[in-house]
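Residue numbers (the working numbering), protein chains in the order written: chain A, 2 to 155; chain B, 18 to 405. The beta carbon of each residue, even a glycine, is placed where N, CA and C say it ideally should be. Everything numeric in this text was worked out from a predicted model, so none of it was measured.
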């Protein structure tokens, strides 16, 4: 038999590897996200007169350039459809069950995707009126809106 | 294969820069596409289909960007496809677009390629999102060393290419690097990145895009400016590693060149091609591809560089635009070679125009020198026959 070999304690070192991508936003997405920081939701007027929110840089149907004709919409809006998230993961916007919903903000002709925070699945309906719950510290990201909540509960 | 001729009637590119933080990613691509449409005298509604190319998605971290760019490219309700063959993708994308015309599938095709390198880190992206990747220069450096040893080339050949292409770039307002005081001394004294490649023998990292409008014979007749005609296209690929592979003169590159010359009716490429835009991201790749595509004989590529044959005023100008060594929005770099070749035969290259250019080669390679895309464009459909 060989002599007793004493195993040294296993040493650990931990380090986080990450690569932060950057995004240049341009004149339209930049206006939208800067608006969120200031607690305003910005849409853009399409060539046919309709208001697109979130705003696009070009007419989504024809590809033609849009004038930078920004329109403040909402903040209240109507749920047009939704899906319930039963078990949120750590990457979801809320740590308890919630709905992802398409919300057509007042004054807009298109819907924006965001979270709706209600206690249970039977508390959300298509056609329900919602309003944003803003974060106190806003930095110009879509998550500056923590979630939308039913209008009456605000 | 019988097909109808394909004409290039619109060409657009961005001013290539280290960082274009004034536009979004789609906004950058749109800028080149709008310029190509303007050049073709067309509107967005005139386009039948869009073919888009870019290098690996991890470069910007935007997966399948062709989907979210549909509005920027006016592609709603139209066929939109994306092409990917690593660094050669810009060339391959143009070839796929040309085939749609040649086979009569569409009459007016917009083809676009781009990279916005400032949004990510290409070396990190090439390593599949892991740290410690050696980068493209690290892969190519030993092959360049091998070329130098076998060809007996003097060490200043690489420096000469680096200076020539940067001087050419001073004549191209779209080129990224504008190094007014570039010199042999500066190149050889710049830091060694991957021996034998110095910093100034390497391509920059650029934000930029390139676009072209392609059409058939009828479309070319209606175009406001003279077209360039696609006389031949070729693509070949091989594995990046296998026993017995010659990475300095990859067989796929040899075969790609020969199928290209044969289908264009070219029997003597050095004599019958007036100007070439060749993918040279590191200086030594000029002589390596001159030999690797049988434009020069074995061991003679570096002599073309040394004698000045590859200068704008030489008998075989290479990269009058300044090439990849002066602008490298990776996904667009191949299409820029193809588009610059077309600009030359249209007589529209401005200050870097080669006199009397009627037949031009556009070339791109990618991966571990394993994907090749090339086209021959002409000022007329019989341009090769007229060049002897």
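The C-alpha of residue 67/A lies about 17 Å from the C-alpha of residue 85/B.
The C-alpha of residue 87/B lies about 17 Å from the C-alpha of residue 74/B.
The shortest CA-to-CA distance from residue 111/A to any of 74/A, 86/A, 17/A and 16/A is the one to 74/A. Counting the other Cβ atoms within 10 Å of the Cβ of residue 191/B gives 16 or more, which makes it buried. Distances from the alpha-carbon of residue 104/B to those of 81/B, 128/B, 139/B and 82/B put 139/B closest.
Counting along the chain, the unbroken beta strand (DSSP E) around residue 130/B starts and ends at 125 to 133. Beta bridge pairing from DSSP links residue 140/B with no other residue. The C-beta separation of residue 130/B from residue 226/B comes to about 7 Å, placing the pair in contact by the 8 Å criterion.
Within chain A, not a single residue places a beta-carbon under 8 Å from that of residue 52/B; the smallest gap is close to 13 Å.
Ranked by Cα distance from residue 108/A, the first of 85/A, 123/A, 54/A and 150/A is 54/A. For residue 209/B, DSSP records a beta bridge to 215/B. Close to chain B, meaning a Cβ-Cβ distance shorter than 9 Å, are the following residues of the segment 50 to 64 of chain A: 57, 58, 59, 60, 61, 62, 63 and 64.
For the segment 46 to 114 of chain B, the continuous beta strand (DSSP E) assignments of 3+ residues that do not extend past its boundaries occur at 66 to 71 and 97 to 100, in sequence order.
Straight-line spacing of the CA atoms in residue 294/B and residue 366/B works out to 12 Å.
For residue 9/A and residue 15/A, the gap between their C-alpha atoms comes out near 19 Å.
Judged by DSSP in its simplified three-state form, residue 178/B adopts helix. What residue 136/B touches in chain A, judged by beta-carbon distance under 8 Å, is 22, 23, 24 and 25, going in chain order.
Between residue 26/B and residue 260/B, the C-beta spacing is not below 8 Å. For residue 139/A, the closest C-alpha among the options 113/A, 119/A and 36/A is that of 36/A. Annotation: residue 207/B to residue 179/B spans about 12 Å, alpha carbon to alpha carbon. With at least 16 other beta carbons inside 10 angstroms of its own, residue 354/B counts as buried.
For residue 129/B, not one C-beta of chain A is nearer than 8 Å to its own C-beta. For residue 235/B, there is no enclosing beta strand (DSSP E); the enclosing alpha helix (DSSP H) has its first and last residue at 234 to 239. Taking 8 Å as the cut-off, the beta carbon of residue 50/B is found no closer than this to the beta carbon of residue 31/B.
The alpha-carbon of residue 136/B is positioned some 8 Å away from that of residue 25/A. Using a Cβ-Cβ distance cut-off of 8 Å, the segment 232 to 249 of chain B and the segment 53 to 62 of chain B are in contact, since at least three pairs of beta carbons, one from each stretch, lie closer than that value.
A straight line joining the alpha-carbon of residue 247/B with that of residue 143/B spans about 32 Å. Short of 7 Å from the beta carbon of residue 401/B, and not among the five residues preceding or following it, lie these beta carbons of its own chain, in chain order: 248, 281, 282, 283, 289, 376 and 395. Between the alpha carbons of residue 371/B and residue 182/B lies a gap of roughly 14 Å. Any Cβ of chain A closer than 8 Å to the Cβ of residue 43/B would place that residue at the interface, and such an atom is present.
Looking from the CA of residue 184/B, the closest CA among 386/B, 254/B and 195/B belongs to 195/B. In terms of CA proximity to residue 65/A, 47/A leads the group 47/A, 134/A and 42/A. The criterion of a C-beta distance shorter than 8 Å is satisfied by residue 223/B and residue 35/B.
As the crow flies, the alpha-carbon of residue 404/B is around 14 Å from that of residue 378/B. The shortest CA-to-CA distance from residue 352/B to any of 72/B, 21/B and 186/B is the one to 72/B. Rounded to whole angstroms, the separation of the alpha carbons of residue 96/A and residue 123/A is 19 Å.
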